[in-house]
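Asker:
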Amino acid sequence: MARIIVVTSGKGGVGKTTTSAAIAMGLAKKGHKTAVIDFDVGLRNLDLVMGCERRVVYDFVNVINGEASLNQALIRDKNCNQLYILPASQTRDKEALNQEGVGKILDDLKKDFKYIVCDSPAGIEKGAHLAMYFADDAFVVTNPEVSSVRDSDRMLGILASKSRRAERNEEPIKEYLLLSRYSPDRVKLGEMLSVDDVQDILSLHLLGVIPESKSVLNASNSGTPVILDEKSDAGQAYADIVARYLGEDKPHRFIEDKKGFFGKLFGGK
Amino acid sequence: MSLLDYFRISKVASASLAKERLQILVAHERSSRNQPSYLPQLQQELLEVIRKYVNVDQDAISVNFEQDENQETLELNIVLPETQR
Chain A
47 MARIIVVTSG KGGVGKTTTS AAIAMGLAKK GHKTAVIDFD VGLRNLDLVM
97 GCERRVVYDF VNVINGEASL NQALIRDKNC NQLYILPASQ TRDKEALNQE
147 GVGKILDDLK KDFKYIVCDS PAGIEKGAHL AMYFADDAFV VTNPEVSSVR
197 DSDRMLGILA SKSRRAERNE EPIKEYLLLS RYSPDRVKLG EMLSVDDVQD
247 ILSLHLLGVI PESKSVLNAS NSGTPVILDE KSDAGQAYAD IVARYLGEDK
297 PHRFIEDKKG FFGKLFGGK
Chain B
965 MSLLDYFRIS KVASASLAKE RLQILVAHER SSRNQPSYLP QLQQELLEVI
1015 RKYVNVDQDA ISVNFEQDEN QETLELNIVL PETQR
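Chains as they are written, first to last, in the working numbering: chain A, 47 to 315; chain B, 965 to 1049.
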């Protein structure tokens, strides 16, 4: 049975697209046929982070309007043949999306794919609403920072009341916390909310902590999901997250400050 | 963290402040999440009616909605000004 995962946050700039690209790649690398959909119509960026921006011909809105078939619009990833990308339209706005159209595309994808990752736009308007409406699982990407935590809580309220599962009184969406841009050294100094603080406030199941990392910018610069940078801390954090989501038992990492004495002395990263 | 940090005078831990503020805010926002959407308008209209008779402030009236398993309670609280004769 296919599962629909929404990557959401409410707040912008917390790492939704980075996360969508990484976990979609991670699931596909594990052998599961995966599609990742950019719901940010008008501000498409998943194609750029995935490095397929020059191969976009048709997009999500073309498929909804019947101007292209799903197979014409899906782009096969260059690194993994189990992964397909459905880009957003860059020239329309979010009003071009509608519930029946999105539902139909997801139903079609479910016949062929194991996981469908929906990269939500920021905000709580139509694009974000449709990205989460059909979801089975929600990855709530949160930064250890007041506005992000508050917006995540707002999004949890929306997931619990406005989704299809809520409307139909079905089993609720499974919600997971992904705490990103985490700096253990700043937490230690009392300058940043800790994992425990955020969990106390949001009471969410922690799927993983992604440390603040230079590798994330390097990855998006080159258009390769950061999970493919297996040596990087962020890449390993996402690999752990995918493994945990698939039911593997992985102890949490990147929560403690592991830097050695000399690292601390010279402030190296 | 560099060598200089070891000599820095310890500051107020801003993270604990953030946690405290968030806990209060999130609790408040969660409690208002299940309230019916007509509450603000109800409050406004009640205020207008009361003002026909008594001159009260905007914040002199509060409308609270509470829900438990068997019943829903709508609590209306009006603070009258002290110098009414």
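Quick reminder that beta carbons are idealized off the backbone N, C-alpha and C, glycines included. Model, not experiment: these values are computed from the prediction.
Out of curiosity, what's the CA-to-CA distance linking A:V103 and A:L94?
Answerer: Their Cα atoms are separated by approximately 14 Å.
Asker: According to DSSP, is A:K315 helix, strand or coil?
Answerer: Low confidence applies to A:K315: its pLDDT is 45, below 50, so where it sits in the model is not reliable enough to give any reading.
Asker: Can you tell me whether A:S268 is buried or exposed? The criterion is at least 16 other CB atoms within 10 Å of its CB, across all chains shown.
Answerer: Counting Cβ neighbours within 10 Å, A:S268 comes out exposed, since fewer than 16 surround it.
Asker: Which residues in the same chain as A:R122 place their Cβ atom closer than 6 Å to its Cβ, once the five residues preceding and following it in sequence are excluded?
Answerer: Excluding residues within five positions, the ones whose Cβ falls inside 6 Å are Y130.
Asker: Determine, using beta carbons only, whether A:S259 and A:S55 come nearer to each other than 8 Å.
Answerer: No, they are not a contact pair.
Asker: From the DSSP output, in three-state form, read off A:L250 for me.
Answerer: Correct three-state label for A:L250: coil.
Asker: So, is the C-beta of B:S995 closer than 8 Å to a C-beta in chain A?
Answerer: So no, B:S995 is outside the interface.
Asker: Run through the stretch 98-182 of chain A for me and flag every whole beta strand (DSSP E) of 3 or more residues, listed as ranges in chain order.
Answerer: Runs of the beta strand (DSSP E) inside the stretch 98-182 of chain A: 129-132 and 161-165.
Asker: So, are the CB atoms of A:S194 and A:K57 less than 8 Å apart?
Answerer: It is a contact, given that the beta carbons lie within the stated cut-off.
Asker: Measuring alpha carbon to alpha carbon, tell me which residue in A:D84, A:V148 and A:G97 is nearest A:A134.
Answerer: Residue A:D84 is the option with its Cα nearest to A:A134.
Asker: Under a Cβ-count criterion, where at least 16 other Cβ atoms within 10 Å of its own Cβ denotes burial, should A:P218 be classed as buried or exposed?
Answerer: Result: exposed.
Asker: On the criterion of 16 or more Cβ atoms from any shown chain inside 10 Å, does A:I256 qualify as buried, or is it exposed?
Answerer: Its Cβ being crowded by 16 or more others within 10 Å, A:I256 is buried.
Asker: Hey, would you say A:F180 sits closer than 8 Å to A:L152, going by beta carbons?
Answerer: Yes, the pair counts as a contact, with Cβ atoms nearer than the cut-off.
Asker: Would A:K160 and A:H251 be called neighbours here (beta carbons separated by less than 8 Å)?
Answerer: Against a cut-off of 8 Å, the Cβ pair of A:H251 and A:K160 comes out as no contact.
Asker: Considering Cα atoms alone, identify which of A:D154, A:T188, A:C98 and A:A114 is closest to A:A48.
Answerer: Nearest option by C-alpha distance: A:D154.
Asker: Using Cβ-Cβ distances below 9 Å, what residues of the stretch 231-261 of chain A are close to chain B?
Answerer: Answer set for the stretch 231-261 of chain A: D231, R232, V233, K234, L235, G236, E237, M238, L239, S240, D243, V244, D246, I247 and L248.
Asker: Please identify the residue among B:N1034, B:N1041, B:Y1017 and B:V1018 whose C-alpha is closest to the C-alpha of B:V1027.
Answerer: Closest option to B:V1027, Cα to Cα, is B:N1041.
Asker: Per DSSP, what kind of secondary structure is A:K296 in: helix, strand or coil?
Answerer: It is coil, neither helix nor strand.
Asker: Near B:K983, what residues of its chain come up, given a Cβ to Cβ distance below 7 Å and the 5 sequence neighbours on each side ignored?
Answerer: Closer than 7 Å at Cβ, skipping near neighbours: no residue.
Asker: Identify which residue in B:A979, B:F1029, B:Q1007 and B:V990 has its Cα closest to the Cα of B:V1020.
Answerer: Nearest C-alpha to B:V1020: B:Q1007.
Asker: Could you say which of A:N111, A:T270 and A:R232 lies nearest to A:P190 if we only look at CA atoms?
Answerer: Residue A:R232 is the option with its Cα nearest to A:P190.
Asker: Between B:E1030 and B:S980, what straight-line distance do the alpha-carbon atoms span, to the nearest angstrom?
Answerer: Between B:E1030 and B:S980, the C-alpha separation is close to 30 Å.
Asker: Express the C-alpha separation of A:L143 and A:A174 in angstroms, rounding to a whole number.
Answerer: Distance between the alpha carbons of A:A174 and A:L143 is about 11 Å.
Asker: Would you grab the beta carbon distance between A:D165 and A:L92 for me? Rounded to a whole angstrom, and I think it's under 8 Å.
Answerer: Right, the Cβ-Cβ distance comes to about 5 Å (below 8 Å), so this counts as a contact.
Asker: By the 10 Å Cβ neighbour count, where 16 or more other Cβ atoms means buried, how is A:G314 classified, buried or exposed?
Answerer: Below a pLDDT of 50, predicted positions are generally treated as unreliable, and A:G314, at 48, falls in that range; the measurement from the model is reported next regardless. Under this definition A:G314 is an exposed residue.
Asker: Mind checking if A:V186 is an interface residue toward chain B, Cβ cutoff 8 Å exclusive?
Answerer: Judged by the 8 Å Cβ criterion, A:V186 is not in contact with chain B.
Asker: Checking the sheet assignment: what are the DSSP bridge partners for A:P271?
Answerer: For A:P271, which the question treats as bridged, DSSP gives no partner whatsoever.
Asker: Compare the Cα-Cα distances from A:E216 to each of A:D242, A:D182 and A:T270 and report the closest residue.
Answerer: For A:E216, the nearest C-alpha among the options comes from A:D182.
Asker: Compare the Cα-Cα distances from A:A184 to each of A:K220, A:E213 and A:T80 and report the closest residue.
Answerer: Nearest of A:K220, A:E213 and A:T80 to A:A184, Cα basis: A:K220.
Asker: What separation, rounded to the nearest whole angstrom, lies between the Cα atoms of A:P167 and B:S995?
Answerer: The straight-line gap from Cα to Cα measures roughly 26 Å.
Asker: What does the alpha-carbon distance come out to for the pair A:T137 and A:K304?
Answerer: Using only the alpha carbons, I get a separation of about 46 Å.
Asker: If you draw a straight line from the C-alpha of A:E171 to the C-alpha of A:P230, how long is it?
Answerer: So the two alpha carbons sit approximately 34 Å from each other.
Asker: Where does B:S977 fall in DSSP's three states?
Answerer: The amino acid at residue 977 of chain B is misidentified as Ser; the sequence shows Ala. Coil, per DSSP.
Asker: Excluding five sequence neighbours on each side, which residues of the same chain lie with their C-beta closer than 8 Å to the C-beta of B:L928?
Answerer: Residue 928 of chain B lies beyond the stretch modelled for chain B, which goes from 965 to 1049, so this question has no answer here.
Asker: Pick out whichever of A:E113, A:I110 and A:L132 has its Cα sitting closest to the Cα of A:M96.
Answerer: If we check each option's Cα against that of A:M96, A:L132 comes out closest.
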